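Student: Quick one: this structure, given as structure tokens, is what I'll be asking you about.
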Amino acid sequence: MRIILGTVAIIGAALTALTAGSGIAAAAEPVGQPDRIGLRLNHAETAGLADGPLPALVAMVVPVNRMGAGLEPDTQIYRDDSGGVHASLRQIFLEAAAHPDGSVTVFLNAPGSRDGRILDFYQNWR
């Protein structure tokens, strides 16, 4: 529970700092699903977070085996035969931000759901 609360606090603080510090209107769109909540970031927010400390801070709080990544079919990030993603969180954000319309959706999963993952990140650029 401490990990989840810490992660929510870090993500919330980073998004607040990003939108307030850069003059971007708060455009992150809330997303709700039965067993998780999330934010759909726009391109500017995705690029801003990719260039900031958030990916490293999240990786310090949430173990890598408790994060999931949904990658676009034409990703350049390596995925092994069992579907494991071999990339840092920053690489996932940077790749999405490199596309003109690229963005990331971040989900906080309910405890005990999604095979024990705490966070899921999905790339979008189509």
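Residue numbers for the sequence shown, in mature numbering (1 follows the signal peptide of the UniProt record, and there is no 0): -27 to -1, 1 to 99.
Heads up, the beta-carbon is just placed ideally off N, CA and C, and yes, glycines get one too.
This one's a predicted model, so the numbers in the text were calculated from it and none came from an experiment.
#1: Do you know how far the Cα of Leu12 is from the Cα of Glu45?
#2: Work out the CA separation of Val79 and Gly89 for me, nearest whole Å.
#3: Do the CB positions of Ser76 and Leu30 come within less than 8 Å of each other?
#4: Since Pro3 is in the beta strand (DSSP E), which residue starts that stretch and which ends it?
#5: In angstroms, rounded to a whole number, what distance separates the CA positions of Pro3 and Val58?
#6: Which residue or residues does DSSP assign as beta-bridge partners of residue 104?
#7: Quick check on Val34: does DSSP put it in helix, strand or coil?
Tutor: This is what the structure gives:
#1: Along the sequence shown, read from residue 1 onward, the residue named residue 45 stands at position 72. Along the sequence shown, read from residue 1 onward, the residue named residue 12 stands at position 39. Computed Cα separation, rounded: 18 Å.
#2: In the sequence shown, counting from the first residue as 1, residue 89 sits at position 116. In the sequence shown, counting from the first residue as 1, residue 79 sits at position 106. Their Cα atoms are separated by approximately 16 Å.
#3: Numbered from 1 along the sequence shown, position 103 holds the residue referred to as residue 76. Numbered from 1 along the sequence shown, position 57 holds the residue referred to as residue 30. Going by C-beta atoms, Ser76 is not nearer than 8 Å to Leu30.
#4: The residue given as residue 3 occupies position 30 in the sequence shown. Run containing Pro3: 2 to 6, per the beta strand (DSSP E) assignment.
#5: Position 30 of the sequence shown holds residue 3. Position 85 of the sequence shown holds residue 58. Computed Cα separation, rounded: 25 Å.
#6: The first residue shown for the chain is -27 and the last is 99, placing residue 104 beyond what the model contains.
#7: Here the question's residue 34 lines up with position 61 in the sequence shown. Three-state result, Val34: helix.
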